[in-house]
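Everything below concerns the one structure shown next.
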Amino acid sequence: SMQCFPGLVLALSSLLGALALLQLSLYLRVPSRYGKHEERLCRPRGRLPARCAWFLQELPSFLVPALLLALRSPPRLEPLGCRLLCCLFCWHYFYRTFIYPFFTRGRPFPLQLLFFGMLFCIYNGFLQGYYLIYCAEYPNNWCTDIRFTSGLLLFLLGMGINIHSDLLLRQLRKPGEVTYKIPQGGLFTYVSGANYFGEIVEWFGFAIATWSLPAFAFAFFTLCCIGPRAYHHHRYYLKTFTDYPKSRKALIPFVF
Ligand code: NDX
């Protein structure tokens, strides 16, 4: 049966950190080619409806840790590492897999990116789940530790911002529409990438609550992946809409 190999966790986390840097170097100048940054000439054959694409892409991040959790035997008594924290991760991906895709009004998604996205979700789902279920050990009073409580709070706050902002974006379009408009309301009042800001806060909260290398590596990856994307969205809006709110920042309210 499976057990904890600290070397494996270290290796996988380091590779995730390296991927984050690769991502940053690739996408700082040019945005990743999906959504509003996709080239017009892309063959329609190489795409899948947004609904299927997001469902398939994010499913492994829910399924892999959920299966690891279900197959863990004998069940651990420590409730925190094994259950609550892993369930937080699964909870996010439950939303992203089973709720978000069914309401999205996004454009068809490129198959090639879907493939890499899925690989990424398998990798990260395994790393986070494996670490929390087989390796993590917390003292009995971790529930009252400032890292756990503040991290959990940030996680919930970020998730709330992310879901609310996703909803505001969706409401910009009628079903079947594919045009872009200026997002309004919520945190979009302050930043162009309100959904991304929420997601980043969420995963840094998760990292603090779990106080673990894999979770910090993932939070860093998220920052390197969607941070530049928020910046490219911002530039796109400034270029496209002459009446775009001047005081709005790219990612961090009042700062950047
Ligand atoms: N999926 C995370 N890398 C990614 C997919 C792409 O969950 O090869 C990372 C995720 C993947 C990426 C994933 C990993 C790295 C990959 C990358 C592709 C290349 C890259 C594989 C897995 C890679 C290396 C080199 C390392 C191998 O038509 P539309 O689609 O634009 O419509 C949009 C709509 N909308 C508007 N509608 C009207 N008016 C406007 N002005 C609008 N603006 C937007 O709203 C969409 O339907 C919707 C949201 O659009 P957008 O662009 O704001 O968000 P999007 O990027 O689609 O993300 C959706 C949500 C969001 O909440 C975000 O926080 C979360 O997913 N997310 C996204 C990416 C990664 C991630 C979270 C994470 O790292 N945690």
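In UniProt numbering, the protein residues as written are 1 to 256. All C-beta atoms in this analysis are idealised placements derived from N, C-alpha and C, irrespective of residue type, glycine included. The model shown is predicted, which means the values in this text are computed figures rather than measured ones.
Check, Outcome
"For K249, three-class secondary structure by DSSP", "strand"
"Distance cut-off 7 Å: Y196 Cβ against heavy atoms of ligand 1", "yes"
"Beta-carbon proximity list for Y34, same chain, < 7 Å, skipping 5 on both sides", "F109, P110 and L113"
"E38 versus C52, G106, I99 and T97, residue with shortest Cα-Cα distance", "G106"
"Ligand 1 heavy atom lying under 7 Å from the CB of R248", "no"
"Sufficient close CB pairs (3 or more, under 8 Å) joining the segment 192 to 200 to the segment 225 to 235", "yes"
"Option nearest Y27 by Cα separation, candidates K249, K174 and T222", "T222"
"C-beta contact flag for Y93 and F62 at 8 Å", "yes"
"Whole-angstrom distance between T179 and P245, CA atom to CA atom", "19 Å"
"Opposing strand residues paired with residue 301 [DSSP bridges]", "Outside the shown range of the chain, which is 1 to 256, sits residue 301, and nothing can be said about it."
"Close-in-space but distant-in-sequence residues of the same chain around F241 (CB under 6 Å, 5 per side omitted)", "I182"
"Span separating the alpha-carbon of E137 from that of A207", "15 Å"
"Distance cut-off 7 Å: D166 Cβ against heavy atoms of ligand 1", "yes"
"Alpha-carbon spacing of G205 relative to L153, whole angstroms", "7 Å"
"Rounded straight-line distance, which links the Cα of F188 to that of S165", "8 Å"
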